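Visitor: Those sequence lines, one after another, are chains A and B.
The first sequence begins at 8 in my numbering and counts up one residue at a time.
The second sequence begins at 8 in my numbering and counts up one residue at a time.
Cβ atoms here follow ideal geometry from the backbone N, Cα and C, with glycine treated the same way.
Predicted model, so just to flag it, every value in this text is computed and none were measured.
There are 2 protein chains.
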Amino acid sequence: MPSISGLTDHDGYWLRVVSNAVSHDFARKVAGEGVTVAEWAVLRVLYDVDQMVPSSLARELRVTKGAVSKLADRLLEKKLIKRTESREDLRMHSLSLSKAGRQKVPVLAKLADDNDAEYFGVLTTEERDALSRILTALVERRGLSDVPMD
Amino acid sequence: MPSISGLTDHDGYWLRVVSNAVSHDFARKVAGEGVTVAEWAVLRVLYDVDQMVPSSLARELRVTKGAVSKLADRLLEKKLIKRTESREDLRMHSLSLSKAGRQKVPVLAKLADDNDAEYFGVLTTEERDALSRILTALVERRGLSDVPMD
DNA sequence: TATTGTTATACTCTATAACTATA
DNA sequence: TATAGTTATAGAGTATAACAATA
Chain A
8 MPSISGLTDH DGYWLRVVSN AVSHDFARKV AGEGVTVAEW AVLRVLYDVD
58 QMVPSSLARE LRVTKGAVSK LADRLLEKKL IKRTESREDL RMHSLSLSKA
108 GRQKVPVLAK LADDNDAEYF GVLTTEERDA LSRILTALVE RRGLSDVPMD
Chain B
8 MPSISGLTDH DGYWLRVVSN AVSHDFARKV AGEGVTVAEW AVLRVLYDVD
58 QMVPSSLARE LRVTKGAVSK LADRLLEKKL IKRTESREDL RMHSLSLSKA
108 GRQKVPVLAK LADDNDAEYF GVLTTEERDA LSRILTALVE RRGLSDVPMD
């Protein structure tokens, strides 16, 4: 008789358990700063580039332009980003951090650092190095750079 | 000047990238069988126990009873599970697999096996063992058995 | 009163596709 | 026609809390 594999027999299951726990806790932390994880990603990208059109942001974050539109709406409401019209092409506009948004990024980055330390700090140096190495290997060998972050 | 960590500087980020990719592909596979990943988890648990009350299922899957109620509704519509009233305690009822549900579990388990092989097969035996070991260590040391699977 | 389960409501995240304005 | 962006719609996944029935 064939044996049926269980939920816990798959690496994908445990990966999801750990990933969800890490993300869930991080979401709770950034919620204290009034933003979601998806919003944090937008803010962090804008922090480096100063300004970016929504279509580029969609490519960078690997989501649809509709998703970016919605995220941008919320960040505008929260006054963390600004919209600037383009003069050359009136269809386009740029998104950039507001002063408040720029001030918030280091705070959020610190929370991300804390969260990582909290979770992966229980590993030995060897384990942590191995994890990073293996995750990177998976990303490279499976070509996950093009995978959406849903 | 303090340097601000980026999205990709955290293990949590890469964990999320890989986990999302694995789950996304698995979701696509089971969608071909007409179920979602959350529904697969319900079916797989019921496969072993024959029958279970929603409150136990909620504990097992670490979601709220409301979430189980919704999942059960969908699985009933799809005729993959059955509801049976309890005779001792009329507030309770048991959920169990229908014949169709029981037949589907091995098919779904095979898809989970395939998905795992597809993703983690690119790792060497040593890497794969290390990944399993490290994920297990994280679950144990961080006490993630109690974390919800959202 | 406490418990089981359902239902109502709400939110995040995402997608697809129709639509508007501009090129 | 093609492109940039918005909006409408939908659906998965989840939570909280109000509720009904029963214990």
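Which same chain residues, not among the five before or five after Leu50/B, have their C-beta less than 8 Å away from its C-beta?
Guide: Counting from one through the second sequence, the residue named residue 50/B turns up at place 43. If we look at Leu50/B and ignore the five residues flanking it on each side, its Cβ neighbours are Val42, Leu82, Leu87, Ile88, Leu104, Gly108, Lys111, Val112 and Leu115.
Visitor: At what residues does the beta strand (DSSP E) containing Lys89/A begin and finish?
Guide: Looking up residue 89/A in the first sequence gives position 82. In the DSSP assignment, Lys89/A falls within the beta strand (DSSP E) that extends over Ile88 to Glu92.
Visitor: Closer than 9 Å by beta-carbon distance: list the chain B residues that pair up with Val146/A, in chain order.
Guide: Taking the first residue of the first sequence as position 1, residue 146/A is located at position 139. Under the 9 Å cutoff, chain B gives Trp21, Val24, Val25 and Ala28.
Visitor: Output the distance between the C-alpha atoms of Pro155/A and Thr15/B, rounded to the nearest integer angstrom.
Guide: Stepping through the first sequence from its first residue, residue 155/A is reached at position 148. Stepping through the second sequence from its first residue, residue 15/B is reached at position 8. Because the pLDDT of Pro155/A is 49, which lies under 50, any placement of that residue in the model is unreliable, and the question is left without a value.
Visitor: Could you check whether the region 17 to 28 of chain A touches the region 54 to 73 of chain A, counting it as contact only if at least three pairs of C-beta atoms, one from each stretch, sit closer than 8 Å?
Guide: no
Visitor: What are the residues of the region 104 to 115 of chain B that lie near chain A, defined by any Cβ-Cβ distance shorter than 8 Å?
Guide: Val112 and Pro113
Visitor: Do Leu138/B and Leu130/A have their C-beta atoms closer together than 9 Å?
Guide: For this step, residue 138/B is matched to residue 131 along the second sequence. For this step, residue 130/A is matched to residue 123 along the first sequence. The answer is no: Cβ separation not under 9 Å.
Visitor: Hey, is Leu130/A's beta-carbon within less than 9 Å of any beta-carbon in chain B?
Guide: On the first sequence, position 123 is the one that residue 130/A refers to. It does: the Cβ of Leu130/A has a partner Cβ on chain B nearer than 9 Å.
Visitor: How is Leu130/A classed by DSSP in three states: helix, strand or coil?
Guide: Here residue 130/A is taken as the residue at index 123 of the first sequence, counted from 1. Three-state DSSP puts Leu130/A in coil, outside helix and strand.
Visitor: Is Trp73/B close to chain A? Criterion is C-beta to C-beta, closer than 9 Å.
Guide: On the second sequence, position 66 is the one that residue 73/B refers to. One point to set straight first is that residue 73/B is Gly, not Trp, in the sequence displayed. With 9 Å as the cut-off, Gly73/B does not count as an interface residue toward chain A.
Visitor: Count the other CB atoms within 10 Å of the CB of Glu92/B; is the residue buried (16 or more) or exposed (fewer)?
Guide: Residue mapping note: residue 92/B aligns to position 85 of the second sequence, counting from 1. Glu92/B should be labelled exposed.
Visitor: Along the chain, where does the alpha helix (DSSP H) that runs through Ser12/B open and close?
Guide: In the second sequence, counting from the first residue as 1, residue 12/B sits at position 5. Neither: Ser12/B is in no alpha helix (DSSP H) and is coded neither H nor E.
Visitor: Please list the partners that Gly13/A has in chain B, where partner means a Cβ-to-Cβ separation under 7 Å.
Guide: Looking up residue 13/A in the first sequence gives position 6. Going along chain B in sequence order, the residues near Gly13/A (Cβ under 7 Å) are Arg51.
Visitor: Evaluate Glu95/A with the Cβ neighbour count: other Cβ atoms within 10 Å of its Cβ, from every protein chain shown; 16 or more gives buried, anything less gives exposed.
Guide: Residue mapping note: residue 95/A aligns to position 88 of the first sequence, counting from 1. Under this definition Glu95/A is an exposed residue.
Visitor: Does any residue of chain B have a CB that is nearer than 9 Å to the CB of Asp55/A?
Guide: Position 48 of the first sequence, counted from the start, is the residue given in the question as residue 55/A. It does; some Cβ of chain B falls within 9 Å.
Visitor: So that I know if they touch, is there some Cβ in chain A lying closer than 9 Å to that of Glu46/B?
Guide: Within the second sequence, residue 46/B is the residue found at index 39, counting from 1. No, Glu46/B does not count as interfacial toward chain A.
Visitor: With distances taken between CB atoms, is the gap from Arg12/B to Ala124/A smaller than 9 Å?
Guide: As a first step, residue 12/B is located in the second sequence; it is residue number 5 there, counting from the start. As a first step, residue 124/A is located in the first sequence; it is residue number 117 there, counting from the start. In the sequence under discussion, the amino acid at residue 12/B is Ser, which differs from the Arg named in the question. Their beta carbons are not under 9 Å apart, which means Ser12/B does not touch Ala124/A by this criterion.
Visitor: Restricting to Cα atoms, I'd like to know which of Asn122/A, Leu68/A, Asp57/A and Asp136/A is closest to Leu102/A.
Guide: Residue 102/A sits at position 95 when you count from the first residue of the first sequence. With distances taken between Cα atoms, Leu102/A lies closest to Asp57/A.
Visitor: Using a Cβ cut-off of 9 Å (strictly closer), state whether Glu40/B contacts chain A.
Guide: Locating residue 40/B in the second sequence gives position 33, counting from the first residue. Taking Cβ atoms only, chain A never reaches closer than 9 Å to Glu40/B, which makes this a no.
Visitor: Can you list the residues of chain B that Ser139/A reaches, using a CB-CB cut of under 7 Å?
Guide: For the purposes of this step, residue 139/A is taken as the residue at position 132 of the first sequence. Within chain B, the residues near Ser139/A are Asp18.
Visitor: Taking only beta-carbon atoms, is Pro155/A less than 9 Å away from chain B?
Guide: Looking up residue 155/A in the first sequence gives position 148. Since pLDDT at Pro155/A reaches only 49, below the 50 mark, its modelled position is unreliable, and no value is offered.
Visitor: Do you know how far the Cα of Val29/A is from the Cα of Ala45/A?
Guide: Your numbering for residue 45/A matches position 38 in the first sequence. Your numbering for residue 29/A matches position 22 in the first sequence. Straight-line Cα distance between these residues: approximately 14 Å.
Visitor: Mind checking if Glu134/A is an interface residue toward chain B, Cβ cutoff 9 Å exclusive?
Guide: As a position in the first sequence, residue 134/A is number 127, starting the count at 1. Yes, contact with chain B.
Visitor: With 16 other CB atoms within 10 Å as the buried threshold, where does Leu53/B fall?
Guide: On the second sequence, position 46 is the one that residue 53/B refers to. The residue in question, Leu53/B, is buried, as its Cβ has 16 or more Cβ neighbours within 10 Å.
Visitor: Where does Ser103/B sit, in a helix, a strand or coil, going by DSSP?
Guide: As a working mapping, residue 103/B is identified with position 96 in the second sequence. Residue state, collapsed to three classes: strand.
Visitor: Thinking just about the alpha-carbon of each residue, which of Asp55/B, Trp47/B and Val24/B is nearest to the one in Lys85/B?
Guide: Translated into positions along the second sequence, residue 85/B becomes position 78. Minimum Cα distance to Lys85/B is reached at Trp47/B.
Visitor: Starting from Thr143/B, find everything on chain A with Cβ-Cβ shorter than 8 Å and list it in chain order.
Guide: On the second sequence, residue 143/B is found 136 positions in, with the first residue counted as 1. By Cβ distance, chain A contributes Trp21.
Visitor: Using a Cβ-Cβ cut-off of 8 Å (strictly less than) and excluding sequence neighbours within five positions of His100/A, which residues of its own chain qualify?
Guide: Position 93 of the first sequence, counted from the first residue, corresponds to residue 100/A. Only Val60, Pro61, Arg90, Thr91, Glu92 and Ser93 meet the Cβ criterion.
Visitor: Where do the N-terminal and C-terminal ends of the alpha helix (DSSP H) with Glu84/B fall, by residue?
Guide: The count along the second sequence starts at 1 and reaches residue 84/B at position 77. Its alpha helix (DSSP H) spans residues Lys72 to Glu84.
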